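Numbering (the UniProt record's numbering), first residue to last: 1 to 303.
Reading through the structure tokens given below for one structure.
As structure tokens, then:
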């Protein structure tokens, strides 16, 4: 899950000023995320925007989920001194990548082909971003596509790392070849949706490919596993099994800690108006990148 925040350059170099997936829950089980390293990643073309620079640990088990399940992501500050997400501006964009029948624990994430399943921007008829609810203590909720085919999937998070999902059911929906992207490659440092005044317009243009329709046919098959590994970042929390984190399909909801829910997101290409146990770079397939490239004074914002 990528979520992008707009930050002035002085804040952009500090991971602790951003956020990461502290934990997520699905079907009554809670899974712990991973503690990010403090050093940022620059540039949309670096291989580290995939599943990180290494140094992570492999989640040997994937979170079992089914099409239509809703995953709830709890975003925190890097050092957990912030109970809430630090930012209120920018999109939340979610992807999946099929690892193939052998599973994701030994899959080379640099070979992954990603498809977009959800994008949330401004709230309907409002200048306020869905992400602002995270700042108020809500979770970011993402619903898996109702027809996604079963299999082993990666989901990315900023700062870069990946979690594993094992999707069950009997869905037949697969992305077409033109809905698949690679990371790096899916974004450019100059994409309108990642940098500039586009963040302040209700007619926000989301970066990356369109939402996958999952109509059936299917794109290129997942490459065979290689000796290098991805860095899924979830582990078993005190209240649940081991896992990963996911992201969803249709416009979703954010849920406040008190339990009330509010509508969020837009499915169009434009928006409508427990303590971590390992040190890796979690990536939020929740934060898309803002301007990630450039020089030491202008840092990309993701997480």
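Using N, Cα and C, we set each Cβ at its ideal position, and we do this for glycine too.
These numbers come from a predicted model, not from an experiment.
First and last residue of the uninterrupted beta strand (DSSP E) at residue i
i: residue 120; result: 114-120
i: residue 31; result: 29-32
i: residue 362; result: Residue numbering for the chain in the displayed model covers 1 to 303; residue 362 lies beyond these limits and cannot be assessed.
i: residue 93; result: 92-98
i: residue 64; result: 63-65
i: residue 141; result: 139-143
i: residue 25; result: 20-26
Residue i versus the options, residue with shortest Cα-Cα distance
i: residue 208; options: 117, 147, 140; result: 117
i: residue 176; options: 76, 77, 120, 213; result: 213
i: residue 133; options: 74, 42, 29; result: 74
i: residue 62; options: 87, 24, 179; result: 24
i: residue 128; options: 91, 65, 71, 76; result: 91
i: residue 141; options: 94, 48, 190; result: 94
i: residue 99; options: 69, 164, 72, 33; result: 164
i: residue 180; options: 138, 46, 113; result: 113
i: residue 69; options: 210, 166, 107; result: 166
i: residue 211; options: 137, 97, 119; result: 119
i: residue 104; options: 137, 162, 138, 139; result: 162
Segment limits, alpha helix (DSSP H) that includes residue i
i: residue 134; result: 131-135
Any non-hydrogen atom of the ligand COA closer than 6 Å to residue i Cβ
i: residue 66; result: In the structure shown, the ligand COA is absent, as is every other ligand, since no ligand is present at all.
7 Å Cβ shell around residue i - same chain, five flanking residues per side excluded
i: residue 171; result: 67, 147, 148, 149, 150
i: residue 145; result: 67, 117, 173, 214, 249
i: residue 88; result: 129, 131, 132, 135
i: residue 110; result: 47, 50
i: residue 97; result: 112, 113, 114, 153, 154
Residue i burial status per 10 Å Cβ neighbour count (16 or more: buried)
i: residue 202; result: exposed
i: residue 182; result: exposed
i: residue 115; result: buried
i: residue 168; result: exposed
i: residue 156; result: buried
i: residue 178; result: exposed
i: residue 195; result: buried
i: residue 125; result: exposed
i: residue 28; result: exposed
i: residue 107; result: buried
i: residue 231; result: Confidence is the limiting factor: at residue 231 the pLDDT is only 36, short of 50, which leaves the residue's position unreliable, though a coordinate-based value still follows. Residue 231 is buried by the Cβ-count criterion.
Contacts around residue i, its chain only, beta-carbon distance under 6 Å, and the 5 residues preceding and following it disregarded
i: residue 71; result: 24, 26, 142, 246
i: residue 22; result: 33, 74, 76
i: residue 85; result: 19, 75, 134, 135
i: residue 64; result: 166
i: residue 200; result: none
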